[in-house]
Amino acid sequence: MKRGDRSSSSSCAPVSQCFPLRAAAAACGSETSSEPHRDQRAGVLRMSSITTFYACHLLLLALSLACVVCVCVWNSRWRGGFAWDGSSLQFNWHPVLMVVGLVVLYGNGAVLYRIPLTWGQNKLPWKILHAAFMLLALILSIVGLCAVFDFHNTNKIANLYSLHSWIGIVAAVLFAFQWAAGAAGFFLPCSPPALRRLLKPAHVWLGGAILILSIAACISGINEKLFFVLKGNDGKSQPYASLPSEALLGNFLGVLIVAFGLVVFRMLSNPLWQRQESSPQDLPYSPLLQDENQ
1 MKRGDRSSSS SCAPVSQCFP LRAAAAACGS ETSSEPHRDQ RAGVLRMSSI
51 TTFYACHLLL LALSLACVVC VCVWNSRWRG GFAWDGSSLQ FNWHPVLMVV
101 GLVVLYGNGA VLYRIPLTWG QNKLPWKILH AAFMLLALIL SIVGLCAVFD
151 FHNTNKIANL YSLHSWIGIV AAVLFAFQWA AGAAGFFLPC SPPALRRLLK
201 PAHVWLGGAI LILSIAACIS GINEKLFFVL KGNDGKSQPY ASLPSEALLG
251 NFLGVLIVAF GLVVFRMLSN PLWQRQESSP QDLPYSPLLQ DENQ
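Quick note, the sequence shown lines up with residues 1 to 294 if you use full-length UniProt numbering.
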């Protein structure tokens, strides 16, 4: 009976105790079978994230076009057009070039590294394109400042007296410094990798701060211009308070600029849309500059 009890008790023991290797293999098999499901779920989430990014990017491009069209229509139809003769027509270049340069080109250049098409590729061509976007934006901004300063000097109007002008000049000066520091730190072969790693967080933070200042300068400038030209006491225009069609367009342009900035910051703040750096051996060709991925 004791022998029978021992045999019966041993036969009732769990399989994992009798055959531990078989139990371990079964457990490994179950984990292996669950891996494809995890990979599939991760692939679906990744595809959904990329689709959302391109939807945001498409919205950004639509807002970019809307901003450019609105500011051009406003200054060509309601403000008389463009010239470079010291008249008010020369001033009209200022809002157009500042919106196109400091906001539209700047914002699109800032999100360039977030485009999934650039992931896994050599960073140098996209770095050059990013610098070219920013350089063009800086040039247009400088020309826009020259237009308003020359107009003020020709017509004996004081410079840099309003809050709008203070914010705008600070944004332009910081932008020039940002571009020069970025070109020196990320393009020159002699710049050490430690300097690039130290400069990158400051470059990203200052870039966002410049965009905020640019948006603030643009919307305050639009409001200031509407107050100046829509006084309603010259017999040619209705007062701003009555909200004529020019005021509607100007206000709508300001809303578009704010919406543009919000989309840019949404694209920059999502960690899932950050560029996934490639190791040098995975690049399609050797980088021209040292520490190319910094």
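Just so it is clear, CB atoms sit at the ideal spot from N, CA and C, and this is done for glycine as well.
Note that this is a predicted model, so its numbers are computed, not measured.
In this structure, R266 places its C-beta atom within 9 Å of the C-beta atom of C56. DSSP, reduced to helix, strand and coil, places G101 within a helical segment of the structure shown.
Sorting L138, A241, P244 and V148 by C-alpha distance to the C-alpha of A180 places L138 at the top. Rounded to whole angstroms, the separation of the alpha carbons of Q238 and C72 is 21 Å.
In the DSSP assignment, I212 falls within the alpha helix (DSSP H) that extends over P193 to V229. Taking the Cα of I257 as reference, the smallest distance to any Cα among I215, G221, K123 and G232 is reached at I215. Annotation: L112 to W119 spans about 11 Å, alpha carbon to alpha carbon. In the displayed model, I157 falls within coil according to three-state DSSP, outside both helix and strand. Annotated three-state conformation of P271 is helix, per DSSP. Each residue's CA atom was taken as its position, placing R79 and Y161 some 23 Å apart. A Cβ-Cβ separation of about 3 Å places F133 in contact with G109 under the 8 Å criterion.
In the assembly as shown, W74 is a buried residue. Its beta-carbon has 16 or more other beta-carbons within 10 Å. Considering only L243, P193, I210 and K127, the residue with the shortest C-alpha distance to Q178 is I210. Contact annotation: S49 and F151 have beta-carbon atoms that are not nearer than 9 Å. Inter-segment contact for the segment 220-228 and the segment 239-256 is present: three or more beta-carbon pairs are separated by less than 8 Å.
Spatial neighbours of A259 in its own chain (CB-CB distance under 7 Å, excluding positions within 5 residues in sequence) are listed in chain order as L63. In the structure shown, A83 adopts coil according to DSSP, grouped into three states. Bounds of the alpha helix (DSSP H) holding I167 are L163 to F186. Around S141, the same chain offers L97, M98, G101, L102, A172 and F175 as residues with beta carbons nearer than 8 Å, after the five sequence neighbours per side are excluded.
In the DSSP assignment, Y106 falls within the unbroken alpha helix (DSSP H) covering Y106 to A110. The residues A131, in chain order, have a CB closer than 8 Å to that of A183 in the same chain once the five nearest residues on each side in sequence are set aside. Sorting G208, L59 and L243 by C-alpha distance to the C-alpha of L268 places G208 at the top.
The distance from the Cβ of F186 to that of R196 is about 6 Å, consistent with a contact at the 8 Å cut-off.
The beta-carbon separation of G81 and T154, rounded to 18 Å, does not stay under the 8 Å limit for a contact. Distance from the CA atom of G232 to the CA atom of Y240, rounded to whole angstroms, is 7 Å. A distance below 6 Å between beta-carbons, with the five flanking residues on each side excluded, links V143 to the following residues of its chain, in chain order: L97. In the structure shown, P95 adopts helical secondary structure according to DSSP, grouped into three states. Of the residues assessed, G235 falls on the exposed side of the cut-off, its CB having fewer than 16 other CB atoms within 10 angstroms.
With contacts defined by Cβ atoms closer than 9 Å, V104 and V68 form a contacting pair.
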